[in-house]
Amino acid sequence: MKYYLVTGAAGFIGWRVSEFLLKEGHNVLGVDEINSAYDPALKEWRLHGLKRFPNFKFHRLDLCNFTALRLLFELYPIEAVIHLAARAGVRQSLENPWIYVDSNITATLNLLTLMRDFGVSKMVLASTSSIYAGQRPPYHEDLKVDTPLSPYAATKKASELLSYTFHHLYGLDISVVRYFTVYGPAGRPDMSIFRFIKWIYEGKPIEIYGDGTQARDFTYIDDIARGTILALKPLGYEIINLGGGRNPVSINEVIEILERYLQKKAQRVYLDFHKADVKITWAEIEKAKNLLSWQPEVSLEEGLKRTVDWALKHIDLVQKIRV
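0 is the number of the first residue of the sequence shown in numbering that gives the first Met the number 0; add one for each residue after it.
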């Protein structure tokens, strides 16, 4: 009996990927330290749902603890590693870059080292569209990305480089998936969609950095989970964008859609644009189509409707979550 090791299993993407794998009958070994990067109550909610599956095992573990992580590799036969654990967030990384180095670089190095030592050949590594900052959209995977605008982007690029090194030296099969603005039910409360829904529902002013014309290539969580699992196929070493692949949508447009579904008007407060942010993200996804036979299926309108429906169904939880 082999396991897919999913790091960050209580996180947004890790939770959904784990759920998809479990429903397909796979065994999942989930790891998460349940840190306070954002309100742990949401992580516990996601984890509670996963623990209902008999084919799910969970260990609360800091991936920087090499000794504890090695014990996990000794206890469980691992089929592949889906490395989704990370410190995320552009602005937060300016406040404490050291913890981003630990969580995003040291943790990745520990996993790669143990994969080499225990003969685990496959990793899917989560990366980010933030790496493309300063480039001309739409972003394709061959762009030169050596000018990161935040410690977050820099540490994610570093983890990509480490994974290539282990591919080159030890033959590890690494699929790097660069995610573009993932949203959906039970999404991260430090990101705009969750916050906007919560604040509009509660009648509180919503904070917008810049004039709201900045645009994102929003990608629904189920599409991201599908693409991540498809990236488990043998590829050698590849970097693959997973994004909406459509024209980016402005923050102002997203707010208008949420107002319609919530049947409430937002009180908008515009703040200075943050220098670590980017004005636009836009994925070129031909590589994902060709290598993974993947493309997004859920439109932004439908995805936001599902997200609002989830929030209203779990409004007691949403209102308790700190943002």
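Where is the CB? At the ideal position from N, CA and C, for every residue including glycine.
What separation, rounded to the nearest whole angstrom, lies between the Cα atoms of residue i and residue j?
i, j, result
"Ile-207", "Phe-117", "47 Å"
"Ile-250", "Lys-42", "26 Å"
"Thr-105", "Ala-157", "10 Å"
"Ala-153", "Leu-142", "15 Å"
"Trp-14", "His-139", "27 Å"
"Pro-247", "Leu-74", "45 Å"
"Asn-289", "Lys-203", "45 Å"
"Val-123", "Glu-78", "12 Å"
"Gly-88", "Glu-23", "31 Å"
"Gly-244", "Glu-285", "9 Å"
"Glu-32", "Thr-112", "20 Å"
"Arg-305", "Tyr-260", "10 Å"
"Leu-71", "Gly-7", "15 Å"
"Asn-103", "Trp-44", "24 Å"
"Val-317", "Val-277", "28 Å"
"Ser-191", "Gly-226", "23 Å"
"Leu-311", "Ala-132", "35 Å"
"Ile-98", "Phe-55", "29 Å"
"Arg-69", "Asp-221", "31 Å"
"Ala-287", "Ala-84", "22 Å"
If I'm right that residue i touches residue j with Cβ under 8 Å, what's the distance once you round it to whole angstroms?
i, j, result
"Lys-1", "Pro-53", "About 16 Å; that fails the 8 Å criterion."
"Trp-281", "Asp-216", "5 Å"
"Ile-238", "Glu-159", "7 Å"
"Arg-115", "Tyr-169", "5 Å"
"His-167", "Ile-173", "Not quite, the Cβ-Cβ distance comes to about 10 Å (not below 8 Å), so this is no contact."
In chain order, what residues of the same chain have a beta carbon less than 7 Å from the beta carbon of residue i, not counting five sequence neighbours either side?
i, result
"Trp-309", "Pro-184, Ala-185"
"Leu-256", "According to the sequence as given, residue 256 is Ile; it is not Leu. The residues are Glu-300, Leu-303."
"Asp-210", "Tyr-269"
"Ile-279", "Pro-136, Gln-213, Ala-214, Pro-247"
"Ile-187", "A quick correction: the sequence has Arg, not Ile, at residue 187. Excluding residues within five positions, the ones whose Cβ falls inside 7 Å are Phe-11, Tyr-37, Phe-193."
"Ile-130", "Val-144, Pro-147, Ala-152, Lys-155, Lys-156, Arg-177"
"Leu-231", "Ala-79, Lys-121, Val-123"
Could you pull out every residue in the same chain whose Cβ sits closer than 8 Å to the Cβ of residue i, ignoring the five residues on either side in sequence?
i, result
"Asp-20", "First, the amino acid is wrong: residue 20 is Leu here, not Asp. Only Tyr-3, Val-5, Val-27, Ile-228 meet the Cβ criterion."
"Tyr-178", "Ile-12, Ala-125, Ser-126, Thr-127, Ser-128, Thr-218, Ile-223, Leu-241, Gly-242"
"Arg-323", "A query on residue 323 cannot be resolved here, the shown segment of the chain reaching from 0 to 322 and no further."
"Leu-161", "Ile-104, Thr-107, Leu-108, Leu-111"
Could you tell me which residues DSSP puts in a beta bridge with residue i?
i, result
"Asp-31", "Arg-59"
"Ala-282", "Tyr-138"
"Lys-121", "Asp-172"
"Tyr-3", "Val-27, Ala-79"
"Ile-207", "Tyr-269"
"Thr-127", "Tyr-178"
Going along the chain, which residues of its own chain have a beta-carbon closer than 6 Å to the beta-carbon of residue i, five neighbours each way excluded?
i, result
"Ala-265", "Ile-199, Ile-205, Ile-254, Glu-258"
"Tyr-219", "Gly-183, Val-297, Gly-302"
"Ala-67", "Leu-60"
Say the cut is 7 Å; is the CB of residue i nearer than that to a heavy atom of the ligand GTP?
i, result
"Gly-243", "As far as ligands go, the structure on display features none, and thus does not contain the ligand GTP."
>> To test your reading of the DSSP string, which unbroken beta strand (DSSP E) runs of 3 or more residues are found completely within the stretch 155-200?
In response: Along the length of the stretch 155-200, whole beta strand (DSSP E) runs at least 3 residues long occupy 172-178, reported in chain order.
>> Extract the residue ranges of the alpha helix (DSSP H) inside the stretch 61-95, only unbroken runs of 4 or more that lie entirely within it.
In response: The qualifying runs are 65-74, 89-94.
>> For a minimum of 4 consecutive residues, which ranges assigned as the alpha helix (DSSP H) are wholly contained in the stretch 209-276?
In response: 220-229, 250-261
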